[in-house]
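What follows is a single structure, written as structure tokens, with notes after it.
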Amino acid sequence: MHPKIGALLAKFPRIELIPWETPIQYLPRISEMLGVEVYVKRDDLTGLGIGGNKVRKLEFLLGDALAKGADTIITMGAVHSNHAFVTALAAKKLGLDVVLVLRGKETLKGNYLLDKLMGIETRVYDVEKTPDLILYAEKVAKELEEQGKKPYIIPIGGASPVGTLGYVRMVGELSTQISSLGLKFDTIVDAVGSGGTLAGILLGLELTKLEVEPVGMAVGIFGEKMMQKVVDLARESAKLLGVSVELKEPRIYDYSFGAYGKIVREVAELIRLVGTKEGILLDPVYTGKAFYGLMDLAKKGELGERILFIHTGGMPGIFHYGEDMLRLLNLQ
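Quick note, this note's numbering runs 1058 ahead of the 1-based positions in the sequence shown.
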């Protein structure tokens, strides 16, 4: 752990959910295809449930919840949400109650199947816009308070100043890893959904003075709204840490293919390619789209000679949208 990051984060309550450093893996066949070196930080292997980037955020979010005396966790997301399921599992592991407020239609596959298998309480609403879910979550919280409970709401994707600390910490971990490996990356690439992961990376890079450019691949909201959200989250987290930083806007590209959760043939083909070339599984909502963007930009020479991709997890998305992908590949 980078000493400055370690010292800054020491004052925040944190529950250890990740018992190891996630490895950095070189992708030789993809690198040969692209003519640049591509590595992956395997944050799909964070060790709780299905793994993924949300576990890093939950170490601080659940630490904060317990410090504030909460006994019930409420969080939100789409019905296929990786974040919602992992949050519920972590809360259960800590002996907390949990309610998931979800958007979409109830289908027993992917993460929603896991929710049901684990006996997690869900409230599913057929609403079009994810932000509307906060209204439902607040109603659930009020209901629980009337029952004498102490609820704690975690925002969609864990994208809050406290949650962002998880990826500040990841950069602290990364800095010591790349030093011991003798590597220097030109860019660090991740999928941008709710924005917290890229915000933490942005702030962490500034605090450690690592000369790596953060690049986001937007899989949902794009444009100035997302850029502003990422920078604002990084600034709010810096304020929490008590540090003053000058933050440059990261590069963010739109690889949503038109909408969050839209399943497309190009990404299904990419998932097959990376799986059969490197044995790494990507998902069709987040990492598949982000890695498609990485390959597209790398071919154009826009990401430098050595690229690090943050694998943020999401494997249940394959099983949620598997039939759609098979149809797009003309296999069904």
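A virtual CB, placed ideally from N, CA and C, is assigned to each residue, including glycine.
Every value quoted in this text rests on a predicted model; they were computed, and no experiment measured them.
Proximity winner among the options, relative to residue i (alpha-carbon distances)
i            : options                   : result
residue 1105 : 1299, 1148 and 1249       : 1148
residue 1326 : 1102, 1344, 1236 and 1144 : 1344
residue 1232 : 1077, 1283 and 1099       : 1099
residue 1076 : 1116, 1239, 1192 and 1065 : 1116
residue 1196 : 1184, 1212, 1185 and 1349 : 1212
residue 1088 : 1383, 1185 and 1366       : 1366
residue 1398 : 1085, 1238 and 1080       : Outside the shown range of the chain, which is 1059 to 1390, sits residue 1398, and nothing can be said about it.
residue 1096 : 1247, 1183 and 1114       : 1247
residue 1290 : 1273, 1218 and 1086       : 1218
residue 1185 : 1179, 1388, 1170 and 1162 : 1162
residue 1245 : 1268, 1225, 1226 and 1224 : 1268
residue 1266 : 1121, 1236, 1238 and 1229 : 1229
residue 1337 : 1072, 1086 and 1068       : 1086
residue 1216 : 1333, 1121, 1236 and 1173 : 1121
residue 1078 : 1093, 1380, 1389 and 1109 : 1109
Expected contact under 8 Å - CB spacing of residue i and residue j to nearest Å
i            : j            : result
residue 1275 : residue 1347 : 6 Å
residue 1254 : residue 1222 : 5 Å
residue 1264 : residue 1303 : 5 Å
residue 1371 : residue 1111 : 6 Å
residue 1176 : residue 1150 : 7 Å
residue 1173 : residue 1158 : 6 Å
residue 1321 : residue 1383 : 6 Å
Same chain only: Cβ atoms within 6 Å of residue i, ignoring 5 sequence neighbours per side
i            : result
residue 1208 : 1127, 1128 and 1129
residue 1329 : 1340 and 1346
residue 1299 : 1066
residue 1210 : 1123, 1128 and 1131
residue 1378 : 1138, 1167 and 1168
For residue j and residue i, the rounded distance between their alpha carbons
i            : j            : result
residue 1279 : residue 1287 : 10 Å
residue 1295 : residue 1385 : 43 Å
residue 1156 : residue 1134 : 11 Å
residue 1363 : residue 1331 : 21 Å
residue 1059 : residue 1119 : 20 Å
residue 1141 : residue 1090 : 34 Å
residue 1181 : residue 1107 : 21 Å
residue 1113 : residue 1234 : 20 Å
residue 1137 : residue 1314 : 18 Å
residue 1323 : residue 1277 : 15 Å
residue 1351 : residue 1241 : 23 Å
residue 1178 : residue 1369 : 26 Å
residue 1238 : residue 1165 : 46 Å
residue 1292 : residue 1225 : 10 Å
residue 1190 : residue 1285 : 21 Å
residue 1193 : residue 1335 : 44 Å
residue 1160 : residue 1317 : 18 Å
residue 1183 : residue 1071 : 33 Å
residue 1376 : residue 1170 : 13 Å
residue 1342 : residue 1353 : 15 Å
residue 1283 : residue 1214 : 16 Å
residue 1093 : residue 1125 : 49 Å
residue 1068 : residue 1301 : 14 Å
Heavy atom of the ligand SAH within 6 Å of residue i beta-carbon
i            : result
residue 1114 : With respect to the ligand SAH, the structure offers nothing, as it holds no ligand at all.
Chain-order list of residues whose beta-carbon lies under 8 Å from that of residue i (same chain, five-residue window excluded)
i            : result
residue 1074 : 1117
residue 1355 : 1273, 1311 and 1361
residue 1271 : 1244, 1245, 1246, 1308, 1309 and 1362
residue 1063 : 1226, 1227, 1229, 1230, 1233, 1262, 1265 and 1266
7 Å CB neighbourhood of residue i in its chain, flanking five on each side removed
i            : result
residue 1083 : 1097, 1098 and 1100
residue 1249 : 1275, 1277, 1344, 1345, 1347, 1348 and 1370
Are three or more beta carbon pairs between the segment 1138–1145 and the segment 1189–1206 nearer than 8 Å?
no
Meets three-Cβ-pair contact criterion under 8 Å: the segment 1294–1312 and the segment 1259–1277
yes
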